Amino acid sequence: MVVTMEKIVSLCKRRGFIFPGSEIYGGLANTWDYGPYGIELQNNIKKIWWKNFVQDRQDMVGIDAGIFMNPKVWEASGHIQSFSDPLMDCKKCNERVRGDKLIEQWSLEAGQGRLPKHWAGEKTPSEDILEYVMNEKIVCPKCGELAWTKPRRFNLMFQTHQGVIEDEQSLVYLRPETAQGIFVNFKNVLQSSRKKIPFGIGQIGKAFRNEITPGNFIFRTREFEQMEIEYFVKLNDWKSLYDGWRQQMEYFYTDILHFHAEKMRWRQHSPEERAHYSDETWDVEYHFPFGWGELWGISYRTDFDLKNHSKLSGETLDYLDPETNERFVPHCIEPTFGVGRTVLAALLDSYDEDQAPSEKDGMESDARTVLRLHSSLAPVKVAILPLVKKLSDRARNIFCDLQKDMMVEFDESASIGKRYRRQDEIGTPFCVTIDFTTLEDATVTVRDRDSMKQERVNESMLRSFFSEKFRL
Ligand SMILES: [Zn+2]
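Reminder that position 12 of the sequence shown reads as 196 in the numbering used here, one-by-one numbering, no gaps.
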C-alpha cells in the first residue's frame with residue numbers, strides 16, 4: 185500500500201479534516217481551512233506538545249505574544265535586512281522565479297556537481313546568481329527565452345498598516361516567526377516567574393511568510409502555526425543542553441506521537457544553509473510522499489537576539505547568576521515544531537488500507553481505509569452506534585456518560601458496516617454498538633479499530649474500561 189498525497193487530500197476533504205480555503209469563491213491559492221475533525225487532531229497535537237514541553241517541566245513556562253510587534257523588533261532580529269528571496273523576472277513573458285531555485289532545479293536536472301562554487305542557496309549574492317544563469321544559459325521555464333532581469337531582494341514579511349493612516353509611521357509586519365515575541369518578553373518573564381537559568385519559554389502561534397513557492401498541501405503555506413521554545417543557557421553549557429533537546433525531540437516523535445521511526449531522520453544544515461542568527465541547526469525530517477522534508481528543527485541562536493534587542497531598545501537583557509554573581513546575556517537554544525506539518529505527518533503516518541470481513545461473513549464490506557492514529561491524537565475517541573433507531577435512547581445515555589471524560593460521537597444513520605467504515609477513516613479507536621442483547625443483559629459490543637475484534641462489556645463498566653485503554 186502506497187500513501188500518496190492525493191489519497192490524503194481526498195480523505196481530508198471527504199471526512200472533514202481539511203478543506204481548500206474560500207472554496208465557494210474558487211479558492212485562494214495555498215490556503216486551507218481545518219474542518220471539524222482536522223481541528224480536533226490539530227488541537228490534540230498542540231495540547232500534547234504543551235503538556236509535554238511546558239506543563240510537565242520545572243524549567244519551562246509559556247506565553248502568548250501578539251502577532252503585531254513594534255517594527256524595531258524586526259530591525260533588531262535582522263529580518264528587515266536579510267529575510268529575503270532573490271527574485272528575477274523574465275522580460276519576455278513576465279514569469280517571476282526565485283533565482284536560487286531556478287539554478288538548483290536546473291542543476292538537479294543536469295546532474296550533480298553543477299552548482300556554482302560557494303553556493304549559498306537563497307543567500308547567494310544577486311550578481312553571482314545572474315552571472316551563473318547567463319553563463320549556463322538557463323532559460324525561462326515558461327517561454328524558453330534567456331531574458332532575465334537582475335535578481336531583486338524580495339522581503340518575505342507581509343506588511344500592513346495599523347490605524348487608519350497609511351504612512352511609514354503606521355507600518356506593521358505580520359510576524360515571520362513567533363520567537364521574537366519570546367525575546368522581547370524575556371525580562372518580563374524572568375522577573376515574574378523567578379526562573380533560574382537554564383530555563384525556557386514556550387509558545388504556540390501563527391506566523392506568516394510571503395514565500396513565492398509554497399505547496400504540497402499544508403506542508404508549506406504562507407500562513408502557518410509554530411510550536412516554539414526559546415531555551416536560555418549559559419554559553420559554556422549550550423552544547424550539552426542542545427544535545428539533550430535533540431533527544432527530547434526524538435522521544436516526542438517515538439514515544440508521545442508514536443510515529444514510525446524509519447520515516448524520521450536527522451539532517452544537519454550546512455553553514456551556507458543556516459539562518460542568519462544560527463550557529464548550529466538540525467532538522468527532524470519526515471519521509472513525505474514527495475521526499476524527505478523538514479518537520480521540526482533545532483537551532484543554536486547564540487546570544488544574537490537578546491544582544492541585538494538590548495542594543496536597539498536600550499534595555500539590559502542580561503541575567504545575574506545568583507551563585508557566581510556573574511552578569512551575562514544568556515545564549516539560546518530553539519527547538520521549533522510546525523503544527524501543520526505535524527498534522528500532515530500524523531495523517532500520512534497513520535494512513536492504512538486493509539481488508540475487513542465481507543458483508544456476508546459479518547456486517548462489513550471488503551476494502552477499508554483506516555487511520556491508525558494513536559488514541560491521544562484521534563479526533564474522536566469512541567463512537568456510540570445503536571444497531572437500530574429503536575435503541576437510540578439507551579445509546580444516548582451511554583453517550584452522555586462517556587462524554588464527561590472524552591470526545592465521543594453519536595451516529596445512528598446508515599448500516600452498521602458503513603458507520604464502522606466512517607469511524608475507521610477518521611481514526612476512532614473504538615466503536616460501541618448497542619444491540620438487542622443490551623436490553624437483556626446490559627452489555628454492549630466494543631469494537632477495536634485496528635484488530636476489528638469485538639468484545640462484550642457491561643455498560644456500567646465502560647468509563648473505567650476506556651480510561652484504562654486511553655491512559656498515556
Ligand atoms: Zn519567459
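Heads up, the beta-carbon is just placed ideally off N, CA and C, and yes, glycines get one too.
What you are looking at is a predicted structure, and each value in this text was computed from that prediction instead of being measured.
Go to residue i, then tell me how far its alpha helix (DSSP H) extends in each direction, as first and last residue.
{"i": "residue 524", "result": "523–534"}
{"i": "residue 472", "result": "It is not in any alpha helix (DSSP H) - residue 472 instead sits in the beta strand (DSSP E) that spans 464–472."}
{"i": "residue 239", "result": "That residue, residue 239, is in no alpha helix (DSSP H); it is neither H nor E in DSSP."}
{"i": "residue 489", "result": "488–497"}
{"i": "residue 444", "result": "Element bounds for residue 444: n/a, residue is neither H nor E."}
{"i": "residue 620", "result": "620–625"}
{"i": "residue 551", "result": "That residue, residue 551, is in no alpha helix (DSSP H); its beta strand (DSSP E) goes 551–555."}
{"i": "residue 427", "result": "422–435"}
{"i": "residue 646", "result": "646–653"}
{"i": "residue 373", "result": "370–377"}
Any heavy atom of ligand 1 closer than 7 Å to the Cβ of residue i?
{"i": "residue 321", "result": "no"}
{"i": "residue 276", "result": "yes"}
{"i": "residue 334", "result": "no"}
{"i": "residue 285", "result": "no"}
{"i": "residue 256", "result": "no"}
{"i": "residue 615", "result": "no"}
{"i": "residue 196", "result": "no"}
{"i": "residue 279", "result": "yes"}
{"i": "residue 516", "result": "no"}
{"i": "residue 231", "result": "no"}
{"i": "residue 565", "result": "no"}
{"i": "residue 326", "result": "yes"}
Where do the ends of the beta strand (DSSP E) carrying residue i lie?
{"i": "residue 390", "result": "383–392"}
{"i": "residue 407", "result": "407–417"}
{"i": "residue 244", "result": "244–246"}
{"i": "residue 567", "result": "566–570"}
{"i": "residue 639", "result": "638–642"}
{"i": "residue 202", "result": "202–204"}
{"i": "residue 356", "result": "355–357"}
{"i": "residue 343", "result": "343–345"}
{"i": "residue 218", "result": "216–218"}
When the distance is taken between beta carbons, is residue j closer than 8 Å to residue i?
{"i": "residue 518", "j": "residue 413", "result": "yes"}
{"i": "residue 327", "j": "residue 259", "result": "no"}
{"i": "residue 527", "j": "residue 225", "result": "yes"}
{"i": "residue 532", "j": "residue 514", "result": "no"}
{"i": "residue 578", "j": "residue 627", "result": "no"}
{"i": "residue 309", "j": "residue 340", "result": "no"}
{"i": "residue 199", "j": "residue 218", "result": "no"}
{"i": "residue 618", "j": "residue 646", "result": "no"}
{"i": "residue 366", "j": "residue 236", "result": "no"}
{"i": "residue 612", "j": "residue 640", "result": "no"}
{"i": "residue 499", "j": "residue 371", "result": "yes"}
{"i": "residue 362", "j": "residue 384", "result": "no"}
{"i": "residue 386", "j": "residue 244", "result": "yes"}
{"i": "residue 349", "j": "residue 335", "result": "no"}
{"i": "residue 614", "j": "residue 630", "result": "yes"}
{"i": "residue 536", "j": "residue 511", "result": "no"}
{"i": "residue 435", "j": "residue 484", "result": "no"}
{"i": "residue 252", "j": "residue 368", "result": "no"}
Residue i: which of the options sits nearest, CA to CA?
{"i": "residue 379", "options": "416, 354 and 292", "result": "416"}
{"i": "residue 450", "options": "471, 459, 457 and 462", "result": "471"}
{"i": "residue 447", "options": "437, 464 and 551", "result": "437"}
{"i": "residue 212", "options": "399, 261, 363 and 249", "result": "399"}
{"i": "residue 303", "options": "287, 293 and 318", "result": "287"}
{"i": "residue 273", "options": "374, 644, 333 and 404", "result": "333"}
{"i": "residue 523", "options": "358, 230, 570 and 633", "result": "230"}
{"i": "residue 323", "options": "349, 283 and 357", "result": "283"}
{"i": "residue 486", "options": "418, 616, 445 and 537", "result": "418"}
{"i": "residue 454", "options": "604, 305, 270 and 228", "result": "305"}
{"i": "residue 143", "options": "506, 476 and 460", "result": "For residue 143 there is no data in the structure shown, the boundaries of the chain being 185 and 656."}
{"i": "residue 169", "options": "255, 649 and 473", "result": "With the chain running from 185 to 656 in the structure shown, residue 169 is simply not present."}
{"i": "residue 541", "options": "466, 604 and 251", "result": "604"}
{"i": "residue 374", "options": "494, 590, 270 and 504", "result": "504"}
{"i": "residue 294", "options": "276, 321, 270 and 281", "result": "321"}
State yes or no: is the C-beta of residue i nearer than 7 Å to some heavy atom of ligand 2?
{"i": "residue 329", "result": "This structure simply doesn't include ligand 2; it includes ligand 1 instead."}
What runs of the beta strand (DSSP E), each 3 residues or longer, lie entirely inside the stretch 587–613?
Taken in chain order, the whole beta strand (DSSP E) runs of length 3 or more contained in the stretch 587–613 are 592–594.
Inside the stretch 288–335 only - alpha helix (DSSP H) runs reaching at least 4 residues
310–319
What runs of the alpha helix (DSSP H), each 4 residues or longer, lie entirely inside the stretch 252–285?
256–260 and 263–266
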